[in-house]
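Written below as structure tokens is the structure these notes are about.
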Amino acid sequence: MDGWTTLDWKHRIRHGHGFSVRKVKTNYVGKLYAVIGRRHGRIQSADLIEGSGQFDVTAVIPVIESFNFATEIRKQTSGLAMPQLVFSHWETVDIDPHWVPSTEEEYLQYGEKADFTNVARVYMDAIRERKGLAVEKKLVEFAEKQRTLSKNK
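The end of the sequence shown is residue 153 by the UniProt record's numbering, with every number in the run present.
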């Protein structure tokens, strides 16, 4: 029974994905792709509708990234693209949200602080913050970079 009292396996986060279908004019397709890419989305298909000069774009984005997604799409495309989000499926983020470098190889590859963005940690902290739960945030990350400005009289 002692093995059950400790965390001896790696945690993974599962998050939902939304399925979105949009019709957008050809001159705004690049801006649409940029917004979807910023939100960690994937384009499933993009088909040109004959005779209309519009693309039918189908994409999948994480639900956690979909907050204010419609507003950003409308702003970037001047209101000419309207997203329609429908829940699609669940996916596992294959990164441990509590991971820190521990072996010699990991220290050499990532450094002592592991400066890469841990997507699972970002998602977990965003959800915890939105729900009003405690989030592990450092008030002072790099103390050596801070300085005190004082007035000289």
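Note that CB positions come from ideal geometry on N, CA and C, so glycine has one too.
This one's a predicted model, so the numbers in the text were calculated from it and none came from an experiment.
| Query | Result |
| --- | --- |
| Among the residues of its own chain, which have a CB less than 6 Å from the CB of A120, if the five just before and after it don't count? | I13, V93, I95 and P97 |
| Is the Cβ-Cβ distance between I61 and G37 less than 7 Å? | no |
| Quick check on the DSSP output: what are the complete beta strand (DSSP E) runs of length 3 or more inside the segment 28–92, in order along the chain? | 42–49 and 54–62 |
| Express the C-alpha separation of M124 and A134 in angstroms, rounding to a whole number. | 11 Å |
| Roughly how many angstroms separate the alpha carbons of V49 and F69, rounded to a whole number? | One detail in the question is off: residue 49 reads as Ile in this sequence, not Val. The alpha-carbon atoms of I49 and F69 are separated by roughly 24 Å. |
| Considering only their Cβ atoms, is the gap separating E91 from H17 smaller than 7 Å? | yes |
| Examine the Cβ distances between the segment 19–29 and the segment 71–82 and report whether three or more of them are shorter than 8 Å. | yes |
| Return helix, strand or coil for V119, following the three-state DSSP convention. | helix |
| According to DSSP, is I95 helix, strand or coil? | coil |
| When you compare only the Cα positions, how much space is there between L74 and Y107? | The residue asked about is misnamed: residue 74 is Arg in this sequence, not Leu. Using only the alpha carbons, I get a separation of about 43 Å. |
| Go ahead and label A34 buried or exposed: buried means 16 or more other beta carbons lie within 10 angstroms of its beta carbon, across all protein chains shown. | exposed |
| Per DSSP, what are the beta-bridge partners of R14 in this structure? | T92 |
| For the alpha helix (DSSP H) containing L133, name the first residue and the last one. | Taken as a continuous stretch (DSSP letters only), L133 belongs to no alpha helix (DSSP H), as it is neither H nor E. |
| Compare the beta carbon distance of T77 and Y28 with 7 Å and say whether it is the shorter of the two. | yes |
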